[in-house]
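*Asks:*
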Amino acid sequence: MIRDAWLVLVKDLRLERRAKVGLAQVLPFAVLVLMLFAFALDPDRGVLERATPGLFWVAVLFSAVLTLQRSFGVEADDGVLEALRLSGMSPAGIYLGKVGALTLQLLVLECVLALGVAVFYGTVFRGIGLLVVIAVLATVGIAASGAVYGALAARLRSRDTLLPLLMLPLLAPVLISATRGFEIGLERQATEGWSWAALLGVFALAYLSLGTILFRPLLEDA
Amino acid sequence: MIGRFPALAGVDLDVEPGEIVLLRGPNGAGKTTLLRVCAGLVMVSSGEAVVLGHDLVARRAAVRRRVGLLGHETFLYDDLTVTENLDFWSRAAGATMADGRAALDRLGVATRLHDLPVQALSAGQRRRVSFAAMVCRRPELWLLDEPHAGLDAPGRDVIDELMRDAAAAGATVLFASHELDRAHEVATRTVTISGGVVDEGAP
Chain A
29 MIRDAWLVLV
39 KDLRLERRAK
49 VGLAQVLPFA
59 VLVLMLFAFA
69 LDPDRGVLER
79 ATPGLFWVAV
89 LFSAVLTLQR
99 SFGVEADDGV
109 LEALRLSGMS
119 PAGIYLGKVG
129 ALTLQLLVLE
139 CVLALGVAVF
149 YGTVFRGIGL
159 LVVIAVLATV
169 GIAASGAVYG
179 ALAARLRSRD
189 TLLPLLMLPL
199 LAPVLISATR
209 GFEIGLERQA
219 TEGWSWAALL
229 GVFALAYLSL
239 GTILFRPLLE
249 DA
Chain B
4 MIGRFPALAG
14 VDLDVEPGEI
24 VLLRGPNGAG
34 KTTLLRVCAG
44 LVMVSSGEAV
54 VLGHDLVARR
64 AAVRRRVGLL
74 GHETFLYDDL
84 TVTENLDFWS
94 RAAGATMADG
104 RAALDRLGVA
114 TRLHDLPVQA
124 LSAGQRRRVS
134 FAAMVCRRPE
144 LWLLDEPHAG
154 LDAPGRDVID
164 ELMRDAAAAG
174 ATVLFASHEL
184 DRAHEVATRT
194 VTISGGVVDE
204 GAP
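Going line by line, the protein sequences match chains A and B.
The working numbering puts the first residue of the first sequence at 29, with every later residue one more than the last.
The working numbering puts the first residue of the second sequence at 4, with every later residue one more than the last.
(1) Tell me whether A206 of chain A sits in a helix, a strand or coil according to DSSP, three-state version.
(2) Report buried or exposed for M46 of chain B, applying the criterion of at least 16 other Cβ atoms within 10 angstroms of its Cβ.
(3) Could you list the residues in the segment 88 to 102 of chain A with a C-beta less than 9 Å from some C-beta on chain B, going in chain order?
(4) Under 7 Å, Cβ to Cβ, is there at least one residue of chain B near R42 of chain A?
(5) Three or more beta-carbon pairs under 8 Å between the segment 87 to 105 of chain B and the segment 43 to 61 of chain B, yes or no?
(6) Please confirm whether G74 of chain B has its beta-carbon closer than 7 Å to some beta-carbon of chain A.
(7) On the DSSP letters alone, give me the boundaries of the alpha helix (DSSP H) that A66 of chain A sits inside.
(8) Near F210 of chain A, which residues of its chain fall below 6 Å by C-beta distance, leaving aside the five closest residues on each side in sequence?
(9) Pick from B:Y80, B:D90, B:T195 and B:L124: whose alpha carbon is nearest that of A47 of chain A?
(10) A182 of chain A and G125 of chain A - do their beta-carbons sit closer together than 7 Å?
(11) For F153 of chain A, which three-state DSSP category applies?
(12) Residues of chain A with CB under 9 Å from A44 of chain B, in chain order?
(13) Under the rule that 16 or more other beta-carbon atoms within 10 Å means buried, what is P192 of chain A, buried or exposed?
(14) By a C-beta neighbour count over all protein chains shown, 10 Å radius and 16 as the cutoff for buried, is P206 of chain B buried or exposed?
(15) Listing by chain order, which chain A residues have their CB less than 8 Å from the CB of T77 of chain B?
(16) Return no unless some Cβ of chain A is closer than 7 Å to the Cβ of R131 of chain B.
(17) Along chain A, in chain order, which residues have C-beta atoms closer than 8 Å to that of W92 of chain B?
(18) Can you tell me whether DSSP reads S186 of chain A as helix, strand or coil?
(19) Inspect the beta-carbon positions of A64 of chain B and S115 of chain A and report whether they are closer than 7 Å.
(20) Taking Cβ to Cβ, would you say L11 of chain B is nearer than 7 Å to L146 of chain B?
(21) Using a 10 Å radius around the Cβ and a threshold of 16 neighbouring Cβ atoms, would you call T189 of chain A buried or exposed?
(22) So, helix, strand or coil for D148 of chain B, using DSSP?
(23) Buried or exposed: which applies to D58 of chain B, given that a residue is buried once 16 or more other Cβ atoms fall within 10 Å of its Cβ?
(24) What in chain A is Cβ-close to D81 of chain B, meaning under 7 Å?
Pasting the structure below:
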């Protein structure tokens with residue numbers, strides 16, 4: 029399973045390196061979302077500062093949907109999903125590999141977005157330790173749940189519109205927890221923030237377990 | 004079943020190791036469905052299917068690992084290079100990149116093409132790479148849907164050679180084709196499918 033996960037992770041990162049969809053399309057989209065929020069809320073700078081954590085995670089969620097669509101779109105092209113079913117690879121390994129690649133891509137995107145909020149919103153990052161832990165746990169949660177729904181929607185013609193409808197309501201707990209955790213982290217009240225980090229950890233673990241079990245039937249039905 | 008209609012009915016077919024069996028029949032006869040059933044990609048709704056000694060319902064995963072399928076689609080990642088595709092699919096099947104390179108050489112995919120993305124190749128070259136990705140898995144059952152489609156004459160000759168070599172090595176080859184003159188030359192037995200029914204006595 030670990031070998032299969034590593035194979036899929038390396039393959040997905042190679043696909044991104046070749047096609048540069050994340051770099052050339054998703055990343056500019058995410059930065060654009062941040063800029064539009066800045067234009068819309070700039071007259072009241074206080075609102076922009078207070079809303080920074082929420083705006084950051086909304087931009088991450090929108091970008092995650094695009095990244096997921098790409099990640100499972102390439103598997104649906106040219107019969108690749110069937111080839112994966114025939115390959116003999118462990119479905120759980122395929123799932124974990126896709127979650128790993130999605131997590132890495134989203135973490136890179138979040139680093140750029142963090143730079144974006146520092147520039148556009150004037151945010152100063154203080155409780156770095158808590159912020160990093162929350163970012164990693166929230167990202168694993170987004171990738172773990174997104175990969176389940178990405179596989180579910182992969183073969184459907186309406187997958188591009190269906191995926192956000194399935195995913196975004198489900199990710200409300202991640203959005204709330206990550207936003208609250210970031211608010212606390214930015215205000216240096218780190219001790220209160222760990223409970224939100226724990227909640228994100230539980231969400232990520234629950235979906236990682238669920239996805240590892242469910243990916244076989246999901247792959248069969250895809 | 005495709006929707007409410009049976010795609011195959013009354014199929015009774017035994018194929019031995021070392022045989023090269025041609026499936027022929029009109030469009031929509033059920034040839035592709037039969038190949039996909041043998042690959043474990045389509046489940047039978049009734050009856051029994053035993054492939055490579057395993058029941059397809061109970062031991063589907065064990066069958067899939069030992070089967071190679073060449074379908075109408077390429078089963079390749081368009082954005083990856085030829086080498087990257089072969090590297091991934093050969094390792095996924097527990098083979099090595101050396102197996103992948105040997106298959107590419109055998110299929111006549113020029114070395115200068117190895118570092119190009121698959122989407123930059125012609126349809127014929129993509130077909131060869133797709134075939135190489137299947138061959139490097141060393142399957143015991145070859146399931147080929149129109150294996151000569153899109154290939155030039157030398158490419159078709161190589162495919163025929165590969166089928167004969169596989170059969171000589173003890174593998175079973177089941178292929179569907181509309182290019183009957185060429186297909187009859189390589190096949191050791193012909194089976195006709197019409198309306199989802201196998202008719203081995205058909206002319």
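Just so it is clear, CB atoms sit at the ideal spot from N, CA and C, and this is done for glycine as well.
Predicted model only: the values in this text are computed from it and were never measured.
*Replies:* If we stick to the structure as given:
(1) helix
(2) exposed
(3) V102
(4) yes
(5) no
(6) yes
(7) From DSSP, the alpha helix (DSSP H) with A66 of chain A extends over L55 to L69.
(8) If we look at F210 of chain A and ignore the five residues flanking it on each side, its Cβ neighbours are P81.
(9) B:Y80
(10) no
(11) Three-state DSSP puts F153 of chain A in coil, outside helix and strand.
(12) Reading off the sequence shown, one finds Leu at residue 44 of chain B, where the question assumed Ala. Within chain A, the residues near L44 of chain B are E110, R113 and L114.
(13) buried
(14) The pLDDT assigned to P206 of chain B is 47, lower than 50, so where the model puts this residue is not dependable, and the model offers no usable value.
(15) D106 and G107
(16) The Cβ of R131 of chain B sits no closer than 7 Å to any Cβ of chain A.
(17) A111 and S115
(18) coil
(19) no
(20) no
(21) exposed
(22) Here D148 of chain B sits in strand by DSSP.
(23) Burial call: exposed.
(24) D105 and D106
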